[in-house]
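Just so you know, we're using full-length UniProt numbering here: the sequence shown kicks off at 1 and counts up by one.
Think of the CB as a built atom: it goes at the ideal place given N, C-alpha and C, for glycine as much as any other residue.
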Amino acid sequence: MDISPLEIQKKEFSKSMRGYNKEEVDEFLERLTENYEKIYKENKDLKEQIEFLEGKIQSYKEIEATLKNTLVLAEKTAEEVKINAQKEREIILKQASMQADKILRRAEEKTNQINNQNEELIRQFYLYKTRFKNFLQSQLDYLDCLKLDIFSNNVSDLRVSISDAAAADDKGDEQAFTAEVSAEETLSEETPDERSNIGEISLLKEE
Numbered sequence: 001m002d003i004s005p006l007e008i009q010k011k012e013f014s015k016s017m018r019g020y021n022k023e024e025v026d027e028f029l030e031r032l033t034e035n036y037e038k039i040y041k042e043n044k045d046l047k048e049q050i051e052f053l054e055g056k057i058q059s060y061k062e063i064e065a066t067l068k069n070t071l072v073l074a075e076k077t078a079e080e081v082k083i084n085a086q087k088e089r090e091i092i093l094k095q096a097s098m099q100a101d102k103i104l105r106r107a108e109e110k111t112n113q114i115n116n117q118n119e120e121l122i123r124q125f126y127l128y129k130t131r132f133k134n135f136l137q138s139q140l141d142y143l144d145c146l147k148l149d150i151f152s153n154n155v156s157d158l159r160v161s162i163s164d165a166a167a168a169d170d171k172g173d174e175q176a177f178t179a180e181v182s183a184e185e186t187l188s189e190e191t192p193d194e195r196s197n198i199g200e201i202s203l204l205k206e207e
C-alpha cells in the first residue's frame, strides 16, 4: 500500500517512558516527508510522461499497420492490372491476326495505352511507397531523439515542447501532401503527348 507525503507528515507514535526523543523523531519525519514528497512528485510526473509516450507509440503503430495494408493492397492492385492488361493484350493480338492490318494497328495502340497506364500505376505506387517510408522514418528518428531526464523538474515544459513539435510535423506533412496532390492533378490534366515529352526529357536527364 502506497504511503503519501501527507500520511508521513501527520503520523503520530505512541509514547512510552523510554521512547525515542520526540524532537529527533519530528525532525527526521520532516526531512523524510520533504524527500519523499519530491520523489513522489517526480514519479507521478514520469508516469504521466510514460503514458503520453506510450500513446504516441501506439498511434505510430496503428499508422504503420494502416500503411502496410495500403501498400499490400496497392501491390495486389498493380499485379491484377498487369495480369488483366496481359490478357487483354493477348485477346487483342489474336483478333488482330484474324482481321488484318487495321485491327492489328488498333491492337498495338490499345496495348501501348495499357502499358502506359500500367507504368503510370507502377510509378505512382513507388512514389507513394517512398513518401510513406520517409514519413515513418522521420517519425522514428523523432522518437529516437526524445530523452527522459528522471531528475528533471521541468517535465511539463518537455510535454509542451513535444506537443509543439508534433503539431509542426503535422502541419508540414499536410503542406507536403497538398503540394503532391496538386502536382498529380496537374499531371492528370496533361495530354498524352505532353506526358510523353516529359518522359523523354526525364530519360535524357538520367542518361
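For the alpha helix (DSSP H) containing residue i, list its first residue and its last residue.
i	result
N21	First-last for N21: undefined, no H or E at that position.
Could you tell me the alpha carbon to alpha carbon distance between residue i and residue j, rounded to whole angstroms?
i	j	result
I91	K110	11 angstroms
S138	Y60	11 angstroms
R106	Y126	30 angstroms
Q124	E75	11 angstroms
L140	N134	10 angstroms
N69	N43	39 angstroms
In the structure shown, what three-state DSSP assignment does residue i receive?
i	result
Q99	coil
Which same chain residues, not among the five before or five after residue i, have their C-beta less than 6 angstroms away from its C-beta?
i	result
L67	F132
A96	I103, L104, A107
Within a Cβ cutoff of 7 angstroms, which residues of the same chain sit near residue i, ignoring the five residues on either side of it in sequence?
i	result
L121	A78, V81
Quick check on this structure: which residue in the options has the alpha carbon closest to the alpha carbon of residue i?
i	options	result
N118	I83, L143, V25	I83
N112	E88, Q95, Q49	E88
L136	I57, M98, R31, Q86	I57
In chain order, what residues of the same chain lie with their CB nearer than 8 angstroms to the CB of residue i, ignoring the 5 residues before and after it?
i	result
E54	none
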